[in-house]
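Position 2, counted from 1, in the sequence shown is what my numbering calls 223; the numbers after and before it change by one each time, with no gaps.
All C-beta atoms, glycine included, are put in the ideal place defined by N, C-alpha and C.
All figures in this text were calculated on a predicted structure; none of them were measured in a lab.
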Amino acid sequence: MKKNDIQIKFQISDVDAFLEKLKKDKYILIGGAFEKTTRYDFDDERLSKQGIFIRTKDGFNDTITIKEKTQRKTQKKYFERENETFEIENCDYMKYLLEKIGLTKNYIMEKYRIIWKKGKVELHLDELPFGVYCEICSTEKEIDKIVSNLNIKNVYNCTYWDIYNQIDDSKKDIKFEKDHIFLTDLLI
């Protein structure tokens, strides 16, 4: 069954203060993991041009997801996709299958992710080579309340690939630092 996924992202400049705010607001830490997401397409990128995205992700679980742009074209405030996610045995096995059927063009995004939850809201804290971001996943009403409560001014209603493509080319070769902020005792 397809699930409608509604979210926004924003960059976090002070991680310690943000984590303190989550604890104060009684968000529950679900866990953290290093995730590798690989998006697949044909060489001519025909799926992407149709608004269809196939990806595998390892980290918490190995999964394959098929995302599609929604038909609702009038609103641009939130990032919204219909998606179907399936747990798989192994992302490498799925890569082999996808490449055999012609999905040979791929894009890789790696990040450290921590998931916090409160009610129907999930906050994903993501450390990427180009910054630390928070992804709010919930209903439009809940997202608006959190954006207002946290006094967030600049939001992204796009993918991390889109954010990465907005970065100056001279800064795109950045790698993860040796010590990752999410591997510290700040989480507990």
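Cβ of residue i within 7 Å of Cβ of residue j?
i	j	result
LEU346	ILE335	yes
THR286	ASN311	no
LEU349	ILE357	no
GLU301	ILE227	yes
GLN271	GLY352	no
THR284	THR306	yes
ARG276	THR258	yes
TYR217	ILE388	Outside the displayed span of the chain (222 to 409) sits residue 217, for which this structure offers no information.
Does residue i come out as helix, strand or coil in the three-state DSSP assignment?
i	result
PHE403	At PHE403 the pLDDT is 46, less than 50, meaning the model places this residue with poor confidence; the figure from the coordinates comes in the next sentence. Helix, per DSSP.
TYR328	strand
ILE309	coil
LEU408	Any reading at LEU408 needs caution, since the residue's pLDDT is 44, under 50, leaving its predicted position unreliable; the model's value is listed next. Three-state result, LEU408: helix.
ASP283	coil
PHE351	coil
GLU398	Any reading at GLU398 must be qualified, since the residue scores a pLDDT of 47, below 50, and its modelled position is unreliable; the value itself is stated next. Reduced to three states, the DSSP call for GLU398 is coil.
ASP237	helix
TYR299	coil
GLU320	helix
Buried or exposed: which applies to residue i, given that a residue is buried once 16 or more other Cβ atoms fall within 10 Å of its Cβ?
i	result
TRP382	exposed
LYS242	exposed
ASP262	buried
ARG234	For the record, residue 234 in the displayed sequence is Ser; it is not Arg. So SER234 ends up on the exposed side.
CYS355	buried
SER359	buried
LYS230	buried
LYS278	buried
ARG267	exposed
LEU318	exposed
Within a Cβ cutoff of 6 Å, which residues of the same chain sit near residue i, ignoring the five residues on either side of it in sequence?
i	result
PHE281	ALA254
ILE273	GLU289
Report all residues from its chain with a CB closer than 7 Å to the CB of residue i; omit the five preceding and five following residues, and keep chain order.
i	result
GLU361	ILE227, TYR299
Worksheet item: So, do the segment 319-336 and the segment 246-260 have three or more beta carbon pairs nearer to each other than 8 Å?
Response: yes
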